[in-house]
Amino acid sequence: MRNITRLNFYQRGILLLDIMLALSLATLFIAILAESSSSARDLFNRARERDRLLDAFTISNQSTSTSITINQKERSYGNDRTETITTLFSNSGTTTDISKSFAPTISFSSVRIRPDISSNGFAGTSICSVDLSHNVTTGSFNYLNGINEVLNSAPNGPLNPKAPLATITAIPLPVNPLLPLTDLIVRDGIAYISSDSSKASDPDLFVIDIHDISNAAVLSSINTGPGISTIALAGKRVYAAADSTVAQLHIIRMDSLKNLILETKYKLPLPQASTSPPVASSIFYSNGYIYLGTTKWDGDELSVINVTDPINPTKIGWFETGSKINDIFVNGDTAYVAASDQQQLRVLDVHDHSNISLLNSFTPSGWQRQEGKALSLFENELAFGRTSGGFDIASDHELFSWASSSSVPLSSPSSANVPGGVYGIVSDRGYEYAATREVNKELRITNHELGTSTASYYSLPVQPQTITCDGNKLYILAYAAPVIYEVSF
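For the sequence shown, my numbering begins at 113 and goes up steadily by one.
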């Protein structure tokens, strides 16, 4: 009996050990299963979103050609504008049925690269976070997947709408302090800065490395002649709106960041030989076309110029506003124009460049003395800023925002009074970041509804000239001072 009892005891001990081992293995299995399920769900969601984007693509000549053009149709992200022509892959096969194993050549007219992909060679690429205060996914990728989770989990998201706290650092620029700097674009830690000096011998475009913010270094500069009002970047070229009646468009090629070459100058054709030519005041590049705005003259203030062959630019479209154009933003077949006349914001249909038409316009009170100045388009949010006109009238607002840029007409915007005016806007999924000339509030951060109760304001020692973004940082170019202010969160 004693031996049997001892045997039962040993058996119970072994059984307990087996149970504990089984529980441990089960726990490990559950953890692995949960992790695998999460990974599988993430992969499924990403595949689903990509499939949705592909469903929106237009694939032409599927059965008759070995070349397929894919036109992106996902929501626009205004701060992310990679403009290039890219071939995905090619195959020398002869089959034209793309449902088989043949791999055709696929060209993209617009490419948006993710942060984890090397940006070498994309000198003109804007890669800004969709949430500057949290540095989440760049561009429109994953817009539908997880956007609510991203926003709601953010400390400053909709569940806690207080605008993010900013840290501002001055970056002194190693340039002549007397140079009037006019525009700024920052790409991958490289600043492209234009100027408009009264001296013909002064440079009017600088390429400056600002990775070391305490020791910015000029990599190259060039004097194109009369001065530059504003610039656009695409690939290895800088397109400049020139403050010149001789040639309003200057095209500068960058064989490297240390080698700038003035490739082409282009003069707008005159409607009559006796017509006095204008100077360029604004510029935007989109998919092989330059949209060039000018001061008021007897010709068209908006010109569309084909620059697919940069050596031979050709004007192919036009629209007359009757006033100076201060800013342009183009999204697909729609152009947004900020001007100085009664219709301070125009929305144009540009799908046919030879027959541009007005879709709608916006005339805020105070237009007689104020000018449309700045535009920002983020996914489907449109923001518009204008100058103050020299003095503040509280009812004549300077900052406007629409929940949908496609609304017809442009009515019932959110708006805010900004004494001093708005000189640049950057938007992300939660906020509008405005560079203003309101004293002690030169950087204004509000939600898209422009609510002031949860806004943040920051003082700069100088007035801002413009604002741009790179990664999860903002950069503000000072007016009348050789300094950039880096804003981080």
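Backbone N, C-alpha and C fix where the C-beta goes; we use that ideal spot for every residue, glycine too. Here the structure is a predicted model, which is why all the values come from computation and not from measurement.
- For H362, the enclosing beta strand (DSSP E) starts and ends at L361 to S368.
- Looking at the DSSP output, E510 sits in no beta bridge, so it has no partner there.
- Ranked by Cα distance from D324, the first of S313, I364, I283 and P315 is I283.
- In this structure, A486 lies away from D453, with their beta-carbon atoms at least 8 Å apart.
- Cα atoms of I320 and L369: separation of roughly 9 Å, rounded to the nearest angstrom.
- Secondary-structure assignment with DSSP links R541 through no beta bridge to anything.
- In the three-state reduction of the DSSP assignment, D439 falls in the strand class.
- Assigned with DSSP and collapsed to three states, F503 falls in coil, not helix or strand.
- Annotation for Y448: the continuous beta strand (DSSP E) segment containing it runs T446 to A451.
- In the structure shown, the three-state DSSP call for N492 is coil.
- By the neighbour-count definition (other C-beta atoms within 10 Å, threshold 16), Q480 is an exposed residue.
- Boundaries for A278: no beta strand (DSSP E) harbours it, and the DSSP string shows neither H nor E there.
- For the set S393, R549, L137 and F141, the Cα lying nearest the Cα of L572 is the one of R549.
- Residue nearest to D316 within the set V462, A328, L296 and E432 is L296 (criterion: CA-CA distance).
- With contacts defined by Cβ atoms closer than 8 Å, P422 and I363 form a contacting pair.
- In summary, I131 is exposed, with fewer than 16 beta-carbon neighbours lying within 10 Å of its beta-carbon over all protein chains present.
- The alpha carbon of L589 has as its nearest neighbour, out of I395, G497 and L291, the alpha carbon of L291.
- Cβ-Cβ distances below 6 Å link F474 to L457 and L522 in the same chain, with the five nearest sequence neighbours on each side left out; the list follows chain order.
- The C-alpha of L361 is placed about 5 Å away from the C-alpha of Y378.
- Within the DSSP secondary-structure output, Y351 pairs in a beta bridge with A344 and I363.
- In the three-state reduction of the DSSP assignment, A134 falls in the helix class.
- In the structure shown, I322 falls within a coil segment according to DSSP collapsed to helix, strand and coil.
- Excluding five sequence positions before and after A134, none of the CB atoms of its chain fall closer than 8 Å to its own CB.
- With a contact defined as Cβ atoms closer than 8 Å, G536 and A528 miss out at about 15 Å.
- A distance of 8 Å or more separates the beta carbons of Q482 and D504.
- In this structure G434 is exposed. Its beta-carbon is surrounded by fewer than 16 other beta-carbon atoms within 10 angstroms.
- The DSSP-derived three-state label of F396 is strand.
- Out of L470, P594, V459 and L471, the CA that lies nearest to the CA of F496 is found in V459.
- By the CB criterion at 8 Å, E544 and S513 fall inside the cutoff.
- For K377, the pairing in a beta bridge is given by DSSP as H362.
- Between L380 and S415, the gap from beta carbon to beta carbon is short of 8 Å.
- Counting other Cβ atoms within 10 Å of its Cβ, S341 reaches 16 or more and is therefore classed as buried.
- Comparing alpha carbon positions, the residue from T336, F318 and A303 closest to A312 is T336.
- Counting C-beta atoms within 10 angstroms of its own C-beta, L285 has 16 or more neighbours from the protein chains shown and is therefore classed as buried.
- By the beta-carbon neighbour count (other beta carbons within 10 angstroms, threshold 16), F141 is exposed.
- Excluding sequence positions up to five before and after F318, its CB lies within less than 7 Å of the CB of V287, I305, V330 and S333, all in the same chain and listed in chain order.
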